[in-house]
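A.B. asks:
Residue numbers (the numbering used here): 2 to 311.
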């Protein structure tokens, strides 16, 4: 500022640039942001408003980031979260398919453990069915995590689907299909956001899978197989105010690796108000082994609806 006052106008911005380089080398959390704020004011005093505004915005952004509380273990306990919703669905399986249903999503966090429960119960209409055009179906998944430290955790997962289109041949009202998978194993945290609810874990687990199929008045499958599973389990990815939840799983049978499922479940939640949100879900599942040749290997399901958070 003294150079500027004595008329050495070219020297002032050069010294300020040197000051910025020095500030960026400071490893303190908050001090560099405060110094950048002071330097931005000096640029304003020497008439370089563009540079001043740019540094001011950068300073404010980094001050906000530095002031955020780091997520440390053991985590801070929070209350439970419950969402209930109404959904409408469009599927890819038959000529004319419509589905309406209710959905529940529950989350509870303690200092060293948490639990997620996601359930969807629906009734579908399909003109291709030969007996009853209406058919109930459900899909439930639940994951419990016991954290040992900031990175490692023990998990148990339960996945169950009943009367999903992929498991029935003619999709008649008499057909019944059930697939249930119980998994236990270890999880490793790949990414964590501003809270424990924002995370991406990779999980490796083992456990039994029960499959039952009663199709065309004939029991085609009623067995339990040991399975291994590799899962990517993520919650709370932020895009502005929207949130993305993602589950990706590969679950082959230990006895027969040709009998495997690949599942991808992606949910985008867009807030409408403080408690209401628009929920959109894209669900893919590939099943390598099917009971009947006319069954498809790949199922696609798109769901949209509104959720209310309690």
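All C-beta atoms, glycine included, are put in the ideal place defined by N, C-alpha and C.
State buried or exposed for residue 119, treating a residue as buried only when at least 16 other CB atoms are found within 10 Å of its CB.
C.D. replies: The residue in question, residue 119, is buried, as its Cβ has 16 or more Cβ neighbours within 10 Å.
A.B. asks: Using a Cβ-Cβ cutoff of less than 6 angstroms, which residues in the same chain neighbour residue 299 once the five nearest sequence positions on both sides are dropped?
C.D. replies: Taken in chain order, the residues that qualify are 287.
A.B. asks: Quick one: residues in its chain with C-beta nearer than 7 angstroms to the C-beta of residue 60, no 5 flanking neighbours on either side, listed in chain order?
C.D. replies: Closer than 7 angstroms at Cβ, skipping near neighbours: 34, 37, 38, 41.
A.B. asks: Measure the CB-CB distance between residue 148 and residue 114 and report whether it falls below 8 angstroms.
C.D. replies: Yes, these two residues count as a Cβ contact at 8 angstroms.
A.B. asks: With which residues is residue 308 paired in a DSSP beta bridge?
C.D. replies: 86, 278.
A.B. asks: Are the beta-carbon atoms belonging to residue 231 and residue 211 less than 8 angstroms from one another?
C.D. replies: No, the pair does not count as a contact, with Cβ atoms beyond the cut-off.
A.B. asks: Would you kindly report the start and end of the unbroken beta strand (DSSP E) that includes residue 220?
C.D. replies: That run of the beta strand (DSSP E) goes 219-240.
A.B. asks: Nearest-angstrom Cα distance between residue 73 and residue 20?
C.D. replies: If you take the alpha carbons of residue 73 and residue 20, they lie about 34 angstroms apart.
A.B. asks: Compute the beta-carbon to beta-carbon distance between residue 188 and residue 160, rounded to the nearest angstrom, for a pair I have assumed lies under 8 angstroms.
C.D. replies: Contact doesn't hold; Cβ gap of about 15 angstroms is too wide.
A.B. asks: The ligand PLP heavy atoms versus the CB of residue 41: any closer than 7 angstroms?
C.D. replies: The ligand PLP is not among the ligands present in this structure, which contains no ligands whatsoever.
A.B. asks: How is the beta strand (DSSP E) around residue 272 delimited, first residue to last?
C.D. replies: From DSSP, the beta strand (DSSP E) with residue 272 extends over 261-272.
A.B. asks: Counting beta carbon pairs with one atom in the segment 214-222 and one in the segment 231-244, are three or more of them shorter than 8 angstroms?
C.D. replies: No: fewer than three Cβ pairs fall under 8 angstroms.
A.B. asks: Residue range of the beta strand (DSSP E) that residue 75 falls in?
C.D. replies: Here residue 75 belongs to no beta strand (DSSP E), and DSSP marks it neither H nor E.
A.B. asks: Return the first residue and the last residue of the beta strand (DSSP E) that residue 257 is part of.
C.D. replies: From DSSP, residue 257 is part of no beta strand (DSSP E); its letter is neither H nor E.
A.B. asks: Hey, which unbroken runs of the beta strand (DSSP E) at 3 residues or more fall wholly within the segment 15-39?
C.D. replies: The qualifying runs do not exist here; there are none.
A.B. asks: Can you tell me which of 117, 127, 99, 45 puts its alpha carbon nearest to the alpha carbon of residue 106?
C.D. replies: Residue 117 is the option with its Cα nearest to residue 106.
A.B. asks: What three-state label does DSSP hand residue 196 in the structure shown?
C.D. replies: DSSP places residue 196 in coil when its eight states are reduced to three.
A.B. asks: Rounding to the nearest angstrom, what Cα-Cα distance links residue 310 and residue 216 in this structure?
C.D. replies: One C-alpha to the other measures close to 39 angstroms.
A.B. asks: Leaving out the 5 sequence neighbours to the left and right, which residues in its chain are closer than 8 angstroms to residue 228 when beta-carbon positions are compared?
C.D. replies: So the list reads 182, 184, 207, 208, 209, 210, 252, 253, 254, 255, once near-sequence residues are dropped.
A.B. asks: Could you give the C-beta distance for residue 43 and residue 83, rounded to a whole number, given that I count them as a contact under 8 angstroms?
C.D. replies: Not really, about 52 angstroms apart at Cβ, beyond 8 angstroms.
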